[in-house]
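Residue numbers (my numbering): 6 to 409. See structure below.
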C-alpha cells in the first residue's frame, strides 16, 4: 500500500492541475496602439532679409605722418600762436592738440636763413644789372657799327650775344637761388599739411632739429577719415559678395559701428581687402572706412550726434551685404547641424537636409532644403523612427513670440 499511495497522489494532483488550466478563461487580445508624441511646429515662411556679419577691429586714421623740419635750426616757439583773424580754436602743438590745414605749428630760428635770403637777393639784383648793362652795350655797338657797315654782317661777339646769354643765365641762376632762399625761409615756419590732431610730440622749444640732429617734430593724423581693420572668413566674404577677383560684380557692403547698447553710432563702407590672410587665424584682412568719425572742433555737429571714435579704440562692426530670401528657423529645431524634422501631410516625421547661410545666437537662416509652408517640428525628440507619426499641437508656434 505504501508503494501505491504516493504515485496515486501525484496523479490526482496532476489531473487537478490540468483541469484548472483547461477551465481558465481565454485572455482578451488587445490591439497595441503606439503612443504619438505631441509636438509644436511652425510653418516655413520665406522672407527677404539683408545678410550681415559681425566683426571686431581697431580704429586707426587713414592718413598719419611724421612732421619733419625741412631746414635745420633751433626751435624758437610752438603753437599756439596769436591769430586775431582766427574764428575757430587755436592750433596746439601738444599731444591731443588740434590744428587746421595751414596752421603754423613750429617756428624755427631764422636769422641764418634771413641772411642767406638777403645775400641771394643781392646776387639777383647784381645779375639783373649785369644783364641790363650787356643789353645796353649791345645797342651801343649796333649804333656804332651801322654808321659804316650793315649790322647783319657783324659777328656775334660784336653783337654781344654771348655776353647777353651769359648774363641771362647768371640772372636765372640768381633768381633760382633767391627762390630757394625764400623757400628755406618759409620752411622755418612748419605748417600743418591737413586738418588733424597731434598724436605725439618729438621736439620742443629750445631743441635743435636737423643739421645732424633728428628732424622729427611730431606724429600727426588727419581727421577726415577713420579706418577699422577687420578679419573675415572666406564664407563671410562670399556671403557679403565681397570676394577677391570679383571682376567688378561684387558689392560695396555698408558698415555700422555699434555702441555698447548694440545700436549703430557711425556708418561707413567696406573699403577694400588687404589681400592677405593671417596665418594664425586663416582670416582675410579687410578695411572699413568711416567719414567724420574722429573728434573735430572745426566742424559743426548736431547736439544728438554720437560720440567720436579714437585711434586704437576696439569696436564692434556690423557689415551688411545683399538681400536674400531665407527661412528663419530656431536653432533648437535642428536635429543635427544641417538636419531638420519636417512633418508631412500624414503627420509623419521626415528628416530633411538643409543649407544654411547664417547662424545667429537663437536662429538659423536656411536658404535651401525647405518649401513654403513646410511644417517644421520644433519639439526636440529623443528617439525618432522613419515615418514616425506625431500629434500636432493646436496652433503652430510663433517664432517672434518665442524670441521675445
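Using N, Cα and C, we set each Cβ at its ideal position, and we do this for glycine too. Keep in mind it's a predicted model, so treat the numbers as computed, not measured.
Next item on the list: Tell me whether residue 229 sits in a helix, a strand or coil according to DSSP, three-state version.
Entry: Three-state DSSP puts residue 229 in coil, outside helix and strand.
Margin query: Please classify residue 98 as buried or exposed, where buried requires at least 16 other C-beta atoms within 10 Å of its C-beta.
Written below: By the neighbour-count rule (16 or more Cβ atoms within 10 Å), residue 98 is buried.
Item checked: Span of the beta strand (DSSP E) around residue 65 -> According to the DSSP assignment, residue 65 belongs to the beta strand (DSSP E) that extends over 51-66.
Checklist line | Span of the alpha helix (DSSP H) around residue 164 | finding: 161-164 is the extent of the alpha helix (DSSP H) around residue 164.
Margin query: Let's see if you can read the secondary structure: which residues bound the beta strand (DSSP E) around residue 80?
Written below: Where residue 80 is concerned, the enclosing beta strand (DSSP E) stretches over 78-83.
Check: Is the Cβ-Cβ distance between residue 72 and residue 210 less than 8 Å?
Finding: The Cβ-Cβ distance between residue 72 and residue 210 does not fall below 8 Å.
Check: Is residue 49 near the ligand HEM, judged by its Cβ being under 7 Å from some heavy atom?
Finding: Ligands displayed in this structure: none; no statement on the ligand HEM is therefore possible.
Margin query: Could you give the first and the last residue of the continuous alpha helix (DSSP H) run that contains residue 149?
Written below: Its alpha helix (DSSP H) spans residues 116-150.
Next item on the list: Using 10 angstroms around the beta-carbon of residue 18, count the other beta-carbons present and answer buried if the total reaches 16, otherwise exposed.
Entry: By the neighbour-count rule (16 or more Cβ atoms within 10 Å), residue 18 is not buried but exposed.
Check: Which whole-angstrom value is the C-beta distance of residue 113 and residue 76, which I expect to be below 8 Å?
Finding: The Cβ separation is near 6 Å, so the contact holds.
Next item on the list: Give the secondary structure of residue 337 by DSSP, where H, G and I count as helix, E and B as strand, and everything else as coil.
Entry: Here residue 337 sits in helix by DSSP.
Notebook entry, point to check: Mind checking whether residue 197 and residue 298 have CB atoms under 8 Å apart?
Noted result: Cβ atoms of residue 197 and residue 298: not closer than 8 Å.
Check: With residue 306 and residue 273 assumed to form a contact (beta carbons below 8 Å), what rounded beta-carbon distance in angstroms separates them?
Finding: The C-beta separation of residue 306 from residue 273 comes to about 16 Å, leaving the pair out of contact by the 8 Å criterion.
Check: Do you know offhand how far residue 41's Cα is from residue 340's?
Finding: Looking at the two C-alpha atoms, the distance is approximately 19 Å.
Next item on the list: Starting from residue 259, follow the beta strand (DSSP E) in both directions and report where the run begins and ends.
Entry: Membership of residue 259 in the beta strand (DSSP E) is indicated by the continuous run 259-263.
Check: How is the alpha helix (DSSP H) around residue 240 delimited, first residue to last?
Finding: 239-244 is the span of the alpha helix (DSSP H), which, as asked, contains residue 240.
Notebook entry, point to check: If you draw a straight line from the alpha carbon of residue 329 to that of residue 100, how long is it in whole angstroms?
Noted result: A direct Cα-to-Cα measurement between residue 329 and residue 100 gives close to 48 Å.
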